[in-house]
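In my numbering, the protein residues as written are -5 to 404.
A quick write-up on the structure given underneath.
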Amino acid sequence: MSASKGLPKAGRPLEEIQAALSSALVDDVRAHWNRAFRPPADVQAVATEAYMMFMSDNGLMSLRAEWMGRFEDEVIEMCVGLFNGPADATGTFTSGGSESIYSALHAMREWAREKYPHITAPEIVAPYSLHPAFSKGAHYFDLKLVRTPLGPDRRGSVEAMTAAITPNTIGMAASAPCWPYGLYDPIDEIAAVAHERGLWMHTDACVGGYLAPFLERLGYAFPTWDFRNPGVMSISADLHKLGYCPKPASTVLWRSRDLLRYHNVHPSDWPGGQYTMRGFAGTRTAGPIFAAWAVMRYLGEDGYVELARKLMATREQMMDGVDAIPGLKAWRNDLLPIAIESTEFDLATIKAAMTKLGWMLVGSAEPPLINVPIDAATEPHHLEAFLGDLRKVVDLARASGLSDREALNY
Ligand SMILES: Cc1ncc(COP(=O)(O)O)c(C=O)c1O
-5 MSASKGLPKA GRPLEEIQAA LSSALVDDVR AHWNRAFRPP ADVQAVATEA
45 YMMFMSDNGL MSLRAEWMGR FEDEVIEMCV GLFNGPADAT GTFTSGGSES
95 IYSALHAMRE WAREKYPHIT APEIVAPYSL HPAFSKGAHY FDLKLVRTPL
145 GPDRRGSVEA MTAAITPNTI GMAASAPCWP YGLYDPIDEI AAVAHERGLW
195 MHTDACVGGY LAPFLERLGY AFPTWDFRNP GVMSISADLH KLGYCPKPAS
245 TVLWRSRDLL RYHNVHPSDW PGGQYTMRGF AGTRTAGPIF AAWAVMRYLG
295 EDGYVELARK LMATREQMMD GVDAIPGLKA WRNDLLPIAI ESTEFDLATI
345 KAAMTKLGWM LVGSAEPPLI NVPIDAATEP HHLEAFLGDL RKVVDLARAS
395 GLSDREALNY
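Shown next as structure tokens:
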């Protein structure tokens, strides 16, 4: 039996396994974007140590094992403090932005069942650019996600969203910022409408949630996107993106502890008695929880502010570097990702040629964009290598044309 089909009869030597694993490793420079989002090496070392120490501990026990629960609670407390919530705001540690979003949609539905029991076909209104995890979640929870046209600035349109509210609407959602444009929706205005209409408002800050608070300390301004808006009931924010914690790590923040009762489910209809977990997960590794704790404690607010400053400087260099390649242009968006457009080339061919050179890129179809997710581990040699290859590919496209295409999708 070949090694790729089924379990080998006899165990294989460690050297063979190591060689196979090494063969899958792409060189560090080309793998860089694929590994986003990472901190600089010293922070990564702190994360690795904590992760490895607790990799085998079962996070399922965190409500019972005091030593584990305490670290998880402290992570949540450090996070909640960044979102300007009321005193009893809280959060849940999750495996990623998608799980955070599913958690919020589930809670929103349960809340609406209590508050608006007459609504049997609940709807959520959101801009077209909202992340597809909301569509998946709406499917899982039998909700109708109503995506509304964007404004001319490609941000969510308050007018279009307001017009889409029906007697079945239970909530609204918007991005801070959205992928792939890196643009903030006017969350403050949308949240005001939600508040006035008695709707649940969710902010998807998966990308910006652990960056914007530090940029705000540096003087950057964004539409008010967090619990400062009385309408915002929940926020998704990813520690494993610009919080620089190792994957899988995200948070869903709740405006008040009381909302946890719409999130958590405690079944006891089986022989094992009451089953009480934090959120969706059962068995999970405690590694990411301890690693998140270690990274956040190690960096502190000052460390995050410095990483935010470095990231924005890298962003400028990257955008200028893209603009210096004739035929390409980087959008001057609010945050991340870098969004590259071209009026001259079919970006699907550029993406295909970059893939052949070993770069793993994501794109966007409407409008055609290539997206690059830089992080605080992005160093000048990463930029040089990427921009050098991008220039080569563009030169080739201009000189002789490129025929292979690759879908511009995520
Ligand atoms: C704005 C936004 N929301 C949600 C998500 C989903 O996060 P995850 O991939 O961690 O599930 C992403 C991922 O890129 C995102 O950019």
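Just so it is clear, CB atoms sit at the ideal spot from N, CA and C, and this is done for glycine as well.
### Query
residue 358 bridges to which residues according to DSSP?
363
### Burial state of residue 33 (16 or more Cβ within 10 Å)
buried
### Message
Please list the terminal residues of the continuous beta strand (DSSP E) segment that includes residue 339.
### Response
Premise fails: residue 339 is in no beta strand (DSSP E) and is neither H nor E.
### Query
Where do the ends of the beta strand (DSSP E) carrying residue 121 lie?
117 to 121
### Task
Assign residue 48 to buried or exposed, taking buried as 16 or more other Cβ atoms, counted over all protein chains shown, within 10 Å of its Cβ.
Residue environment for residue 48: buried (at least 16 other C-beta atoms within 10 angstroms of its C-beta).
### Message
Going by DSSP in three states, residue 241 sits in which element: helix, strand or coil?
### Response
DSSP places residue 241 in coil when its eight states are reduced to three.
### Message
Could you tell me the alpha carbon to alpha carbon distance between residue 277 and residue 131, rounded to whole angstroms?
### Response
21 Å
### Query
Tell me which same chain residues have a C-beta within less than 6 Å of the C-beta of residue -4, skipping the five on either side of it?
Residue placement at residue -4 cannot be trusted, given a pLDDT of 49 that sits under 50; what the coordinates show is reported in the next sentence. Counting only Cβ-Cβ distances below 6 Å, and skipping sequence neighbours, we find nothing.
### Task
Name the two residues that bound the continuous alpha helix (DSSP H) containing residue 61.
Per DSSP, residue 61 belongs to the alpha helix (DSSP H) from 60 to 74.
### Task
Have a look at the DSSP bridge pairing and note the partners of residue 165.
Its beta-bridge partners are 118, 194.
### C-beta atoms of residue 150 and residue 180 nearer than 8 Å
Cβ atoms of residue 150 and residue 180: closer than 8 Å.
### Query
If we call anything under 8 Å between Cβ atoms a contact, is residue 195 one with residue 165?
yes
### Query
Okay, do the region 240 to 250 and the region 84 to 92 touch, 3+ Cβ pairs below 8 Å being the bar?
Taking one beta carbon from each stretch, the region 240 to 250 and the region 84 to 92 have 3 or more pairs nearer than 8 Å; the two touch.
### Query
Shortest alpha-carbon distance to residue 368 belongs to which of 359, 329, 399, 403?
329
### Task
Go ahead and pull the three-state DSSP assignment for residue 305.
helix
### Task
Could you say which of 373, 224, 340, 404 lies nearest to residue 22 if we only look at CA atoms?
373
### Message
Give me the DSSP bridge partner(s) of residue 247.
### Response
85, 229
### Task
Kindly list the residues whose CB is nearer than 6 Å to the CB of residue 25, restricted to its own chain and excluding five residues on each side of it in sequence; keep chain order.
Setting aside the 5 residues that flank it on each side, residue 25 has no residue in the same chain whose C-beta is closer than 6 Å to its C-beta.
#### Entry: Limits of the beta strand (DSSP E) - the one that residue 255 falls within
It is not in any beta strand (DSSP E) - residue 255 instead sits in the alpha helix (DSSP H) that spans 254 to 257.
### Query
So what does DSSP say about residue 137, is it helix, strand or coil?
coil
### Beta-carbon contacts of residue 65 that lie in its chain and below 7 Å, excluding the five residues immediately before and after
283, 284, 287
### Task
Using three-state DSSP, classify residue 323 as helix, strand or coil.
strand
### Task
Could you tell me whether any non-hydrogen atom of ligand 1 is closer than 7 Å to the CB of residue 172?
yes
### Query
Are the CB atoms of residue 346 and residue 333 nearer to each other than 8 Å?
no
### Message
Below 7 Å, is the gap between the Cβ of residue 289 and the nearest heavy atom of ligand 1?
### Response
no
### Query
Is it the case that the CB of residue 232 approaches a heavy atom of ligand 1 more closely than 7 Å?
Residue 232 has its Cβ nearer than 7 Å to a heavy atom of ligand 1.
### Query
What separation, rounded to the nearest whole angstrom, lies between the Cα atoms of residue 80 and residue 226?
Linking residue 80 to residue 226 through their CA atoms gives a straight-line distance of about 11 Å.
### Message
So the candidates are 59, 244, 224, 362; which of them puts its Cα closest to the Cα of residue 201?
### Response
244
### Query
Can you find a heavy atom of ligand 1 that lies under 7 Å from the Cβ of residue 129?
no
### Residue span of the alpha helix (DSSP H) that contains residue 151, given as start and end
No alpha helix (DSSP H) contains residue 151, which DSSP labels as neither H nor E.
### Query
Just checking my contact of residue 163 with residue 193 at CB under 8 Å: how many whole Å lie between their CB atoms?
Confirmed, about 6 Å.
### Query
Helix, strand or coil: how does DSSP classify residue 334 here?
strand
### Task
Could you check what DSSP says for residue 142 in three-state terms: helix, strand or coil?
Three-state result, residue 142: strand.
### Message
What would DSSP say about residue 372, mapped onto helix, strand or coil?
### Response
Of the three classes helix, strand and coil, the one that applies to residue 372 here is coil, per DSSP.
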